[in-house]
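Residue numbers (UniProt numbering): 1 to 202.
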């Protein structure tokens, strides 16, 4: 069996000025170049446009960092994406506490605030089977104070985050070892799905 690098099945592209800028941004933000960035280095512009759109949707939806963490963690755990589950589960634990992160990743929303539970449930519904949603599924979001424009933005945000995860997962990208090592025991225990983290630091 062929052994593939931690950044997946593709060869790493030539380091152009655009790729270097992407890598430098990772080092500034995280202290290392993420495995997924070596895949998206095949088109840094596509990565940047995607994340600009995600930022626009987050603003349109009025989403806080905590709420984005809930949406991505719920989406990733439903989709079986270990990379985003570790990354955003860890961020959510730092922002809202281990109990919240663990509940979202385990699909156990009983202890969550109503708005958090509504966001997590909708992200799972969109990810699990978008054709199975009903108008009634939106009621918890409306009860939590989200209007229709925000609900559109939330839904598009989840869908595009899912698309990002699909690219990474399909091309064999393994979560960075640092994400696993930096995550709390609660988050590490909850993320028992998807590709295993890399054996060595990125």
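In this text, a Cβ means the ideal position worked out from N, Cα and C, and glycines have one as well.
**Asked** Whole-angstrom Cβ separation of residue 54 and residue 161, contact assumed at under 8 Å?
**Response** What you label residue 54 is simply residue 54 of the chain shown in a count that begins at 1. What you label residue 161 is simply residue 161 of the chain shown in a count that begins at 1. Distance from residue 54 to residue 161 at the Cβ level is roughly 7 Å; contact confirmed, criterion being Cβ atoms closer than 8 Å.
**Request:** Taking residue 112 as part of the alpha helix (DSSP H), name the residues at either end of that continuous run.
**Result:** Taking the chain shown and counting its residues from 1, the one referred to as residue 112 is at position 112. No alpha helix (DSSP H) contains residue 112, which DSSP labels as neither H nor E.
**Request:** Look at the alpha carbon of residue 74 and the alpha carbon of residue 120, and state the distance between them as a whole number of angstroms.
**Result:** Residue 74 sits at position 74 when you count from the first residue of the chain shown. Residue 120 sits at position 120 when you count from the first residue of the chain shown. Computed Cα separation, rounded: 5 Å.
**Item:** Residue range of the alpha helix (DSSP H) that includes residue 187
**Value:** Indexing the chain shown from 1 puts residue 187 at position 187. Boundaries of the alpha helix (DSSP H) around residue 187: 185-190.
**Request:** Spell out whether any CB of chain D is found under 8 Å from the CB atom of residue 42.
**Result:** Here there is only one protein chain, and chain D is not present.
**Request:** Take the Cβ of residue 91 as the centre, count every other Cβ of all protein chains shown within 10 Å, and call the residue buried at 16 or more, exposed below.
**Result:** In the chain shown, the residue the question calls residue 91 occupies position 91. Looking at its Cβ environment, which holds 16 or more other Cβ atoms inside 10 Å, residue 91 is buried.
**Residue from 35, 192 and 26 with nearest C-alpha to residue 202** = Looking up residue 202 in the chain shown gives position 202. Taking only the C-alpha atoms, the option nearest residue 202 is 35.
**Asked** Roughly how many angstroms separate the alpha carbons of residue 112 and residue 145, rounded to a whole number?
**Response** In the chain shown, counting from the first residue as 1, residue 112 sits at position 112. In the chain shown, counting from the first residue as 1, residue 145 sits at position 145. A straight line joining the alpha-carbon of residue 112 with that of residue 145 spans about 16 Å.
**Message:** So within the stretch 7-92, which uninterrupted alpha helix (DSSP H) runs reach at least 4 residues, ignoring any that extend past its ends?
**Reply:** 17-30, 35-40, 44-60 and 65-79
**Request:** Return the CA-CA distance between residue 69 and residue 6, expressed in angstroms with no decimal places.
**Result:** Start at 1 with the first residue of the chain shown, and residue 69 comes out as number 69. Start at 1 with the first residue of the chain shown, and residue 6 comes out as number 6. Their backbone Cα atoms lie some 25 Å apart in a straight line.
**Item:** Spatial distance of residue 40 from residue 95 (CA atoms)
**Value:** Indexing the chain shown from 1 puts residue 40 at position 40. Indexing the chain shown from 1 puts residue 95 at position 95. Looking at the two C-alpha atoms, the distance is approximately 27 Å.
**Asked** Helix or strand or just coil, what does DSSP make of residue 165?
**Response** Within the chain shown, the letter at position 165 stands for residue 165. Helix, per DSSP.
**Request:** Measure the alpha-carbon distance for residue 33 versus residue 12 and round it to whole angstroms.
**Result:** Position 33 of the chain shown holds residue 33. Position 12 of the chain shown holds residue 12. Each residue's alpha carbon lies about 12 Å from the other.
**Item:** CA-to-CA distance, residue 44 to residue 22, given in whole angstroms
**Value:** Translated into positions along the chain shown, residue 22 becomes position 22. Translated into positions along the chain shown, residue 44 becomes position 44. Rounded to whole angstroms, residue 22 to residue 44 spans 7 Å at the Cα level.
**Request:** Indicate whether the contact test is met: 3 or more Cβ pairs, each with one atom in the stretch 22-31 and one in the stretch 56-63, closer than 8 Å.
**Result:** no
**Request:** Tell me whether residue 133 sits in a helix, a strand or coil according to DSSP, three-state version.
**Result:** For the purposes of this step, residue 133 is taken as residue 133 along the chain shown, with counting starting at 1. Coil at residue 133, not helix or strand.
**Item:** Cβ neighbour criterion (16 or more within 10 Å) applied to residue 37
**Value:** Locating residue 37 in the chain shown gives position 37, counting from the first residue. With 16 or more other Cβ atoms within 10 Å, it is buried.
**Message:** On a Cα-Cα basis, can you pick out the residue from 72, 195, 114 and 20 that is closest to residue 87?
**Reply:** As a first step, residue 87 must be located in the chain shown, where it is residue number 87. Taking each of 72, 195, 114 and 20 in turn and checking the Cα distance to residue 87, the smallest one comes out for 72.
**Message:** Suppose the cutoff is 8 Å on Cβ atoms and the five residues either side in sequence are ignored; what does the same chain contact list for residue 165 look like?
**Reply:** Translated into the one-based positions of the chain shown, residue 165 becomes position 165. Same-chain partners within the cutoff: 75, 76, 79, 81, 83 and 84.
**Prompt:** Exposed or buried, residue 186, counting other C-beta atoms within 10 Å across all chains shown (16 or more means buried)?
**Reply:** Numbered from 1 along the chain shown, position 186 holds the residue referred to as residue 186. Residue 186 is buried by the Cβ-count criterion.
**Request:** Alpha carbon to alpha carbon, how far is residue 179 from residue 17? Give it in angstroms, no decimals.
**Result:** Your numbering for residue 17 matches position 17 in the chain shown. Your numbering for residue 179 matches position 179 in the chain shown. Those two C-alpha atoms are separated by around 27 Å.
**Asked** Between residue 102 and residue 190, is the Cβ-Cβ spacing less than 8 Å?
**Response** For the purposes of this step, residue 102 is taken as residue 102 along the chain shown, with counting starting at 1. For the purposes of this step, residue 190 is taken as residue 190 along the chain shown, with counting starting at 1. Yes; because the gap between Cβ atoms is below 8 Å, this pair is in contact.
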